[in-house]
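*Asks:* Residue numbers (this note's numbering): 98 to 152. Note that CB positions come from ideal geometry on N, CA and C, so glycine has one too. In this text, all values refer to a predicted model and were calculated from it rather than measured experimentally. Sharing a structure, written as C-alpha cells. Questions coming.
Right, here's the structure in full:
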C-alpha cells in the first residue's frame, strides 16, 4: 500500500526484551522518510524514565 505525503498513518514500533528503542533506528528513518510519524518508545528502566514512557 502506498501512502501519499501528509496522509501517511502513524507507526508504533515496540522492541523486545533485552533490546532498546535504538534497535529500530534504521526503520524509524525509513518510515519517516516516507512521511510517517514513527513512535519507538523504550521500556521503563531501559533508556527511559517512567515519566517519559507516559507521554
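Leaving out five residues on either side along the sequence, give the residues of the same chain with a beta carbon under 7 Å from the beta carbon of residue 134.
*Replies:* Here the set comprises 107.
*Asks:* Do you know offhand how far residue 137's Cα is from residue 118's?
*Replies:* Rounded to whole angstroms, residue 137 to residue 118 spans 6 Å at the Cα level.
*Asks:* Once the 5 residues before and after residue 112 are set aside, which same chain residues still bring their CB inside 8 Å of it?
*Replies:* Closer than 8 Å at the Cβ level, and outside the excluded window around residue 112, lie 118, 120, 121, 137, 139 and 140.
*Asks:* Out of curiosity, what's the CA-to-CA distance linking residue 105 and residue 129?
*Replies:* Near 10 Å, if we compare the C-alpha coordinates of residue 129 and residue 105.
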